[in-house]
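S.K.: Residue numbers for the sequence shown follow this note's numbering, so the first one is 15 and each next one is one higher. The beta carbon of each residue, even a glycine, is placed where N, CA and C say it ideally should be. Predicted model, so just to flag it, every value in this text is computed and none were measured. Please see the structure below; I have some questions.
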Amino acid sequence: MSLAQKLSEERRARLAAERLLELKQAELTSANRKLGHHAMALTRRIGETQAEVETVRFENERVKSDLSEANQKIEIAERRLWYSIQTIQDGFAFFNSDNTLIGANTAYLNVFDGLEEVEPGVCYTRILQILTDEGLVNTGSMRARDWRHMMTQRWFKAAPPPVVLQLWNNQYIKLIDHRAADGDVVSLALNITSSVRYEAELKAARARAEAANRAKSAFLANMSHEIRTPMNGVVGMAELMSDTELSEEQRLYADTIKNSGEALLVIINDVLDYSKIEADKLVLHPEPFDLERCIHEVVMLLQPTLRDKGLDLLVDYDLFLPTRFIGDPGRIRQILTNLVGNAVKFTNSGHVLIRITGVPGADEARTAIHIAIEDTGIGIPRKKIDHIFGEFNQVEDDRNRQFEGTGLGLAISRRLVELMKGSVWVESEEGVGSCFGFRLALPKADGAQPMPPHLPEGLNHVLVVDDLLVNRDVLERQLKQLGVQVTCCASGPEALAAMTEDIDIVLSDHNMPGMDGLELAVKLREAGWVDTPILLLSSNPAFTQNDPAVRIVQGVLQKPISRADLFGKLADFGALTSAASVYDPDDISTSVAAKDPMMPAGAGRRMRILAAEDNKTNQLVFKKMVQDLNIDLVFADNGFAAVDAYRDFKPDLVFMDISMPKMDGKTATREIRALQSGIGRHTPVIALTAHAMAGDAEDILAAGLDDYLTKPLRKSVICERIQRYHPTGADPLDRDADA
Ligand code: ADP
């Protein structure tokens with residue numbers, strides 16, 4: 015190889031080495047830079063970690079200080095808790111799940127009377143042993159072992175029931191133990207000695223009060239009986255005396271005796287009832303009853319007052335409302351008597367209307383009944399209206415003092431309605447009138463309900479004659495609901511003018527100004543309307559019947575007319591028409607009894623009445639009260655005599671005093687019912703009772719009596735009952751009719 019070649023080769027080799035060197039230097043520089051970056055990142059991380067370590071250290075310091083503060087607080091709380099537990103008068107202890115006492119306050123330990131063994135560490139069962147061994151607890155009739163067994167059983171329950179211990183020193187401790195989830199037990203021993211003593215004292219006081227209350231009730235019942243019996247003599251004799259010939263002055267005396275006696279009886283009843291309601295002693299006695307009949311009975315009792323005051327009383331019983339419900343008829347009658355009695359008392363002219371409606375929307379089983387009593391009386395001032403349902407509250411002003419009353423009637427009525435879960439309301443305008451009402455939801459009684467009848471063929475048009483608009487309205491609405499055409503007239507002359515061939519029956523009020531109902535009947539007959547039946551509505555049918563002209567009408571109905579009477583009469587339209595058609599205008603005196611199928615002719619025997627009554631004065635009162643009636647009357651002095659008389663005399667009706675010597679009225683009635691059983695006979699027996707206490711009525715009716723009257727007896731009520739039970743076939747009660 016030439017030198018030149020060698021030089022060139024060396025130069026190439028040197029160039030290649032220089033390039034390699036450059037390359038390596040560049041790589042070295044890049045590696046150096048990377049290293050620098052890593053070193054910086056590492057330095058930053060170290061810095062950060064140092065800061066974090068610092069924070070954690072600081073946090074640690076803070077937690078440490080918080081912990082010691084919390085420990086201090088716990089210590090204070092524990093001290094306070096313990097102090098509180100020590101301070102309470104009742105015992106407090108806790109046991110661990112091994113039933114070992116951990117701690118107890120002094121009150122707890124005091125029970126053990128300084129026995130050192132009872133301290134933290136002692137076992138619960140050992141405590142029980144100490145209690146019995148040392149005689150600290152009175153185990154009563156239980157043996158000590160049984161008692162401990164009972165207490166141990168209890169202790170191991172998940173939730174031990176409280177137990178009361180009697181200690182040797184007559185202290186009573188109630189143990190309330192609570193077992194926690196981890197098995198620890200907290201035991202509280204309450205000292206209930208004073209409440210046990212108080213309870214015992216209360217029990218004794220209650221027993222004494224109940225005995226006193228029973229004595230009071232018995233006293234009230236007796237007093238009621240004792241006052242009513244002589245009062246029967248006073249009021250009855252005064253009533254009879256009023257019927258005799260008296261000078262004006264004597265009449266005033268007799269009336270005053272009667273009125274004062276009756277007022278006294280009302281007061282006695284009110285006070286009795288109110289005290290009973292107050293003592294929560296008033297119990298309702300629900301039974302099936304006829305609401306409409308109940309209302310009419312109340313109205314009948316008020317008839318004499320209504321007549322004296324010249325007031326009209328109307329009953330508007332919703333035609334499609336059932337009448338048989340389940341409720342306490344005695345108490346419902348009492349509410350009605352109070353409200354209707356007030357309406358009559360505080361009304362001097364106009365009318366009283368009792369409206370009974372059924373309200374839809376009540377539940378299936380019960381019917382919501384609204385009874386509203388509207389009057390056209392003195393009304394109640396607006397500011398007094400909230401006040402009158404309170405006890406002894408009356409609208410007190412000079413005007414009011416003319417009215418008697420205890421001021422208890424509304425208070426009693428409201429309480430009775432509330433007892434029946436109903437409500438009472440009142441609306442009134444002074445000088446215009448009042449409307450008192452109450453709602454009751456009563457279940458319907460089983461069995462048939464009186465339904466509006468299908469009117470007989472040929473009865474399409476009724477002429478209603480009454481001077482009182484509200485009466486015409488009620489009749490018109492009821493008759494229209496039955497599907498007949500109704501023409502209303504306000505007077506006799508108007509009726510005469512309105513009479514047409516078209517009219518099938520005339521329904522006329524008896525007592526009308528100008529021309530009364532009977533005069534209208536005579537005029538109608540004279541005018542040639544001889545076939546049209548005429549029915550008279552009278553608030554005093556006995557009086558109307560006395561008029562000879564009554565023979566030309568086909569019936570006299572008691573006002574306010576009950577739906578049953580009205581339906582019954584209208585259903586008999588055929589018989590009424592044939593009775594009317596036998597009328598002979600020339601012979602007004604012909605006995606109507608022979609013509610009127612509604613009034614059967616006498617069969618030659620008088621109605622037989624047996625009155626069982628031991629009190630001679632009351633016998634005399636009774637005898638005098640019925641002396642105008644064409645009846646055969648026999649008295650029995652006691653229950654035995656009554657049963658004998660029933661056998662021999664076979665009465666149509668029996669009046670039975672309830673309390674009589676030897677055999678009382680209820681027993682006598684049971685005997686009479688036994689005699690009748692199986693022979694299909696049922697003689698009505700009406701109880702005469704001096705008791706006005708609740709429950710009497712139910713007792714009496716349960717003994718087989720049909721009805722009851724409370725003394726003092728009233729002539730009108732006795733006569734009404736005799737009339738009601740007058741048997742078909744007996745001579746008329748009116749002596750003249752018999753002649
Ligand atoms: P009493 O009738 O015995 O006074 P009540 O409690 O029955 O007691 O009635 C309280 C008062 O409410 C009555 O005194 C009377 O002032 C007033 N009052 C009750 N009913 C009526 C009524 N229908 N019209 C006017 N005022 C009445």
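Under the DSSP definition of a beta bridge, which residues are partnered with S733?
M.R.: Locating residue 733 in the sequence shown gives position 719, where the first residue counts as 1. Residue 733 is actually Cys in this sequence, not Ser. Bridge partners of C733: none, in fact.
S.K.: Could you give the DSSP three-state label for A781: helix, strand or coil?
M.R.: With the chain represented from 15 up to 753, any question about residue 781 goes unanswered, as that position is not in the structure.
S.K.: Please name the residue or residues paired with Q572 in a DSSP beta bridge.
M.R.: Here residue 572 refers to the residue found at position 558 when the sequence shown is read from its first residue. Q572 is bridged to S552.
S.K.: So does D389 have its beta carbon nearer than 6 Å to some heavy atom of the ligand ADP?
M.R.: Along the sequence shown, one-based indexing puts residue 389 at 375. Answer for D389: yes, Cβ within range of the ligand ADP.
S.K.: What residue range does the beta strand (DSSP E) around P457 cover?
M.R.: Numbered from its first residue, the sequence shown carries residue 457 at position 443. Per DSSP, P457 belongs to the beta strand (DSSP E) from 447 to 457.
S.K.: Return yes when the Cβ of F452 is within less than 7 Å of the Cβ of E436, no when it is not.
M.R.: As a working note, residue 436 is residue 422 in the sequence shown. As a working note, residue 452 is residue 438 in the sequence shown. Just to set this straight, residue 436 is Gly in the shown sequence, not Glu. Yes.
S.K.: Comparing alpha-carbon positions, which option in S209, E508, V476 lies nearest Q495?
M.R.: Locating residue 495 in the sequence shown gives position 481, where the first residue counts as 1. Here the closest residue by C-alpha is V476.
S.K.: Run through the region 282 to 335 for me and flag every whole beta strand (DSSP E) of 3 or more residues, listed as ranges in chain order.
M.R.: Counting whole runs of 3 or more residues, the region 282 to 335 contains the beta strand (DSSP E) stretches 301 to 304, 326 to 331.
S.K.: Select from I346, F170, I392 the residue whose C-alpha is nearest the C-alpha of K385.
M.R.: In the sequence shown, the residue the question calls residue 385 occupies position 371. It is worth fixing the name first, because residue 385 is Ile in this sequence and not Lys. Among I346, F170, I392, the Cα nearest to that of I385 belongs to I346.
S.K.: Output the distance between the C-alpha atoms of K397 and V484, rounded to the nearest integer angstrom.
M.R.: Position 383 of the sequence shown, counting from 1, holds the residue named residue 397. Position 470 of the sequence shown, counting from 1, holds the residue named residue 484. C-alpha separation (whole angstroms): 29 Å.
S.K.: With respect to 6 Å, is the separation between the Cβ of S448 and the closest non-hydrogen atom of the ligand ADP below this value?
M.R.: One-based indexing of the sequence shown puts residue 448 at position 434. Under cutoff, so the answer is yes.
S.K.: Helix, strand or coil: how does DSSP classify E443 here?
M.R.: Position 429 of the sequence shown, counted from the first residue, corresponds to residue 443. Here E443 sits in strand by DSSP.
S.K.: Quick one: measure Cβ to Cβ for F649 and E627, integer angstroms, because I've assumed they're closer than 8 Å.
M.R.: As a first step, residue 649 must be located in the sequence shown, where it is residue number 635. As a first step, residue 627 must be located in the sequence shown, where it is residue number 613. That belief holds up - the Cβ atoms of F649 and E627 are roughly 6 Å apart, short of 8 Å.
S.K.: Could you check whether the region 423 to 431 touches the region 344 to 363, counting it as contact only if at least three pairs of C-beta atoms, one from each stretch, sit closer than 8 Å?
M.R.: Yes, the region 423 to 431 is in contact with the region 344 to 363.
S.K.: Using CA coordinates, which residue listed in S442, T361, P343 is at the minimum distance from I394?
M.R.: Residue numbering aside, residue 394 sits at position 380 when the sequence shown is read from its first letter. Nearest of S442, T361, P343 to I394, Cα basis: S442.
S.K.: From the DSSP output, read off the bridge partner residues of D523.
M.R.: Residue numbering aside, residue 523 sits at position 509 when the sequence shown is read from its first letter. DSSP lists L551 as partners of D523.
S.K.: Whole angstroms are fine: how far does the CA of L647 sit from the CA of K637?
M.R.: Here residue 637 refers to the residue found at position 623 when the sequence shown is read from its first residue. Here residue 647 refers to the residue found at position 633 when the sequence shown is read from its first residue. When rounded, the distance between both Cα atoms is 8 Å.
S.K.: Looking at the ligand ADP, does it come within less than 6 Å of L424, judged from the CB to the closest heavy atom?
M.R.: Your numbering for residue 424 matches position 410 in the sequence shown. Yes - the ligand ADP has a heavy atom lying nearer than 6 Å to the Cβ of L424.
S.K.: Between L325 and P343, what straight-line distance do the alpha-carbon atoms span, to the nearest angstrom?
M.R.: The residue given as residue 325 occupies position 311 in the sequence shown. The residue given as residue 343 occupies position 329 in the sequence shown. So the alpha carbons of these two residues sit roughly 26 Å apart.
S.K.: Determine the DSSP secondary structure at Y138, reduced to helix, strand or coil.
M.R.: Position 124 of the sequence shown, counted from the start, is the residue given in the question as residue 138. Reduced to three states, the DSSP call for Y138 is helix.
S.K.: Give a single yes or no on whether I291 has its beta carbon closer than 6 Å to a heavy atom of the ligand ADP.
M.R.: On the sequence shown, position 277 is the one that residue 291 refers to. No, Cβ of I291 sits at least 6 Å from all heavy atoms of the ligand ADP.
S.K.: Return the residue from the list T591, D160, L145, M434 that minimises the CA-CA distance to L456.
M.R.: By 1-based counting over the sequence shown, the position of residue 456 is 442. Closest option to L456, Cα to Cα, is M434.
S.K.: Please return the same chain residues whose Cβ sits closer than 7 Å to the Cβ of V409, not counting the five positions on each side in sequence.
M.R.: In the sequence shown, residue 409 corresponds to position 395, counting from 1. Excluding residues within five positions, the ones whose Cβ falls inside 7 Å are I394, P395, K398, I402.
S.K.: What does the Cβ neighbour count give for R738, buried or exposed, with the cut at 16 atoms within 10 Å?
M.R.: Locating residue 738 in the sequence shown gives position 724, counting from the first residue. Exposed.
S.K.: Taking T724 as the reference, give the member of K323, I271, G250, Q568 with the closest Cα.
M.R.: Locating residue 724 in the sequence shown gives position 710, where the first residue counts as 1. Ranking K323, I271, G250, Q568 by Cα distance to T724 puts G250 first.
S.K.: Rounded to a whole number of angstroms, what is the C-alpha to C-alpha distance between L482 and K573?
M.R.: Translated into positions along the sequence shown, residue 482 becomes position 468. Translated into positions along the sequence shown, residue 573 becomes position 559. Each residue's alpha carbon lies about 13 Å from the other.
S.K.: In three-state terms, what does DSSP make of K188?
M.R.: Looking up residue 188 in the sequence shown gives position 174. DSSP places K188 in strand when its eight states are reduced to three.
S.K.: Which one of L689, M677, F109, G105 has the shortest CA to CA distance from D662?
M.R.: Within the sequence shown, residue 662 is the residue found at index 648, counting from 1. Residue L689 is the option with its Cα nearest to D662.
S.K.: Check whether the region 725 to 737 and the region 314 to 330 touch, using three or more Cβ-Cβ pairs below 8 Å as the test.
M.R.: Yes, since at least three Cβ pairs between the region 725 to 737 and the region 314 to 330 fall closer than 8 Å, the two stretches touch.
S.K.: Could you check which residue in V438, R168, P741, E89 has the C-alpha nearest to that of R695?
M.R.: Along the sequence shown, one-based indexing puts residue 695 at 681. Taking only the C-alpha atoms, the option nearest R695 is P741.
S.K.: Give a yes or no on whether 7 Å exceeds the smallest Cβ distance from V200 to chain B.
M.R.: Reference to chain B is not applicable here, since this structure consists of a single protein chain.
S.K.: Grouping DSSP H, G and I as helix and E and B as strand, with all else coil, what is H696?
M.R.: In the sequence shown, residue 696 corresponds to position 682, counting from 1. DSSP places H696 in coil when its eight states are reduced to three.
S.K.: Based on the DSSP output, what are the partners of Y722 in its beta bridges?
M.R.: The residue labelled residue 722 in the question sits at position 708 within the sequence shown. DSSP lists A701 as partners of Y722.
S.K.: Label S514 either buried or exposed according to how many other C-beta atoms from any shown protein chain fall within 10 Å of its C-beta, with 16 as the threshold for buried.
M.R.: Stepping through the sequence shown from its first residue, residue 514 is reached at position 500. Residue 514 is actually Thr in this sequence, not Ser. Exposed, by the Cβ-count rule.
S.K.: On the three-pair Cβ rule with 8 Å, is the region 242 to 258 touching the region 266 to 279?
M.R.: Judged by Cβ distances under 8 Å, the region 242 to 258 makes contact with the region 266 to 279, as three or more pairs qualify.
S.K.: Within this structure, are the beta carbons of N113 and Y138 separated by less than 7 Å?
M.R.: By 1-based counting over the sequence shown, the position of residue 113 is 99. By 1-based counting over the sequence shown, the position of residue 138 is 124. Contact: yes.
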